[in-house]
Amino acid sequence: MQITLVQGLLIALLVFICAIDKHMETFMWFRPLVVAFFTGIILGDVRLGMQAGAVAELSYLGLLTVGGTVPPDPLFAGLMTTVLAYTTGCDVNTALGLAVPFALIGQWINTGTNTFYAGFLPKVDKCAAAGDEKGIAKVMYTGWILYAAMFALAAFLSTYALQSGISAFVAAFPEWLVHGFEVAGGLMPAVGLALLLVVMLKKENAAYLLAGFVIMVITNCQNILPIAVIAGCIAYVNFTRDMETAKLTAASAATAAQEGDFEDGI
Numbered sequence: 000m001q002i003t004l005v006q007g008l009l010i011a012l013l014v015f016i017c018a019i020d021k022h023m024e025t026f027m028w029f030r031p032l033v034v035a036f037f038t039g040i041i042l043g044d045v046r047l048g049m050q051a052g053a054v055a056e057l058s059y060l061g062l063l064t065v066g067g068t069v070p071p072d073p074l075f076a077g078l079m080t081t082v083l084a085y086t087t088g089c090d091v092n093t094a095l096g097l098a099v100p101f102a103l104i105g106q107w108i109n110t111g112t113n114t115f116y117a118g119f120l121p122k123v124d125k126c127a128a129a130g131d132e133k134g135i136a137k138v139m140y141t142g143w144i145l146y147a148a149m150f151a152l153a154a155f156l157s158t159y160a161l162q163s164g165i166s167a168f169v170a171a172f173p174e175w176l177v178h179g180f181e182v183a184g185g186l187m188p189a190v191g192l193a194l195l196l197v198v199m200l201k202k203e204n205a206a207y208l209l210a211g212f213v214i215m216v217i218t219n220c221q222n223i224l225p226i227a228v229i230a231g232c233i234a235y236v237n238f239t240r241d242m243e244t245a246k247l248t249a250a251s252a253a254t255a256a257q258e259g260d261f262e263d264g265i
């Protein structure tokens, strides 16, 4: 299916808004699940947007910026997984594999704009020395708009202006290569979860992970909502218990301090 000019412009506007949020990291609108959902609304296929967003979100869940390393861009991953599945007719797993080069384009935009921002620093230093808060804000807003505009332009070119070439390029792939992208796309969510566990998994929480896995395997449950509700209940119980423990510890410390002060007075 083809993307119309109006849809291309709406997608560019969506990416512009999400890119500003990505720069601020306030509402997390740049996450693949959110971007793909709204892209599905624009394309008139919300179900496809949710499916593409789910697999893309899982795949890029554990990718974090560490030091100077910039991971593939999750915004473009969610966007192009949905767009490629819509325009080429392939399944979302194959589209997820095909969207990796576009996620790298977002990565390059991040690196390029961050490097370009170095030229703004002398102006910021002058404004700071003069106490010009409005000047600093103006420079910051200029950087945000430039960053978002680059993302919006790349999104418009990828989704509308170059869609015929991209569709023809994908259609020229042999069947075995398309199957390879499908397999790779199917593995990426598992890799994303593994990367997330590397960061988050602690020995105190390993038992909960094992319990949830066993429940899902034994029950062969196709809906993870019940497991999520149970996990939420366990998290709430643990949270309230930790809060009570912290209060008791603080009260004991305060009592011990008061007793120590009395003994010193004697």
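By numbering that gives the first Met the number 0, the letter at position 49 of the sequence shown is numbered 48, and the numbering carries on one by one without gaps.
We put the CB at the ideal spot given by N, CA and C, even for glycine.
Local Cβ density within 10 Å of residue i, reported as buried at 16 or more and exposed below that
{"i": "N222", "result": "exposed"}
{"i": "T244", "result": "exposed"}
{"i": "F212", "result": "exposed"}
{"i": "E174", "result": "exposed"}
{"i": "A129", "result": "exposed"}
{"i": "N113", "result": "exposed"}
{"i": "G111", "result": "exposed"}
{"i": "A147", "result": "buried"}
{"i": "P188", "result": "buried"}
{"i": "G231", "result": "exposed"}
{"i": "I2", "result": "buried"}
{"i": "F238", "result": "exposed"}
{"i": "V5", "result": "exposed"}
{"i": "A94", "result": "buried"}
{"i": "C220", "result": "exposed"}
{"i": "G48", "result": "buried"}
{"i": "V33", "result": "buried"}
Of the residues the options, the one placed nearest residue i, counting alpha carbons only
{"i": "A18", "options": "G52, F75, L8", "result": "F75"}
{"i": "Y116", "options": "A151, H22, T3", "result": "H22"}
{"i": "A193", "options": "L120, Y59, T38", "result": "Y59"}
{"i": "R46", "options": "T3, Y140, I217, A84", "result": "A84"}
{"i": "A13", "options": "F26, L32, T25, I41", "result": "First, the amino acid is wrong: residue 13 is Leu here, not Ala. For L13, the nearest C-alpha among the options comes from I41."}
{"i": "I104", "options": "C126, A153, F119", "result": "A153"}
{"i": "D90", "options": "A171, A183, T141, G43", "result": "A183"}
{"i": "E24", "options": "M0, C126, A127, W143", "result": "W143"}
Chain-order list of residues whose beta-carbon lies under 6 Å from that of residue i (same chain, five-residue window excluded)
{"i": "V82", "result": "T158"}
{"i": "S166", "result": "T86, T87"}
{"i": "F29", "result": "C17, D20, K21, L74"}
{"i": "G185", "result": "N92"}
{"i": "E132", "result": "none"}
C-beta contact flag for residue i and residue j at 8 Å
{"i": "L57", "j": "G164", "result": "no"}
{"i": "G7", "j": "A35", "result": "no"}
{"i": "Q106", "j": "D72", "result": "yes"}
{"i": "T38", "j": "V54", "result": "no"}
{"i": "P31", "j": "G77", "result": "yes"}
{"i": "V123", "j": "I108", "result": "no"}
{"i": "A151", "j": "F15", "result": "yes"}
{"i": "F101", "j": "A11", "result": "no"}
{"i": "F119", "j": "V138", "result": "yes"}
Contacts around residue i, its chain only, beta-carbon distance under 7 Å, and the 5 residues preceding and following it disregarded
{"i": "H178", "result": "none"}
{"i": "L97", "result": "L83, V169, F180"}
{"i": "M215", "result": "I226"}
{"i": "I233", "result": "Y207"}
{"i": "L145", "result": "T112"}
{"i": "M149", "result": "I108, T112"}
Own chain residues within Cβ distance below 8 Å of residue i, not counting five before or after
{"i": "L161", "result": "none"}
{"i": "L200", "result": "L208"}
{"i": "L9", "result": "I41"}
{"i": "Q257", "result": "none"}
Residue i Cβ short of 7 Å to the ligand FMN heavy atom set
{"i": "F101", "result": "With respect to the ligand FMN, the structure shown offers nothing to examine, as it has no ligands at all."}
Interface flag, residue i vs chain B, CB-CB below 8 Å
{"i": "Y85", "result": "In the structure shown, chain B does not exist; there is a single protein chain."}
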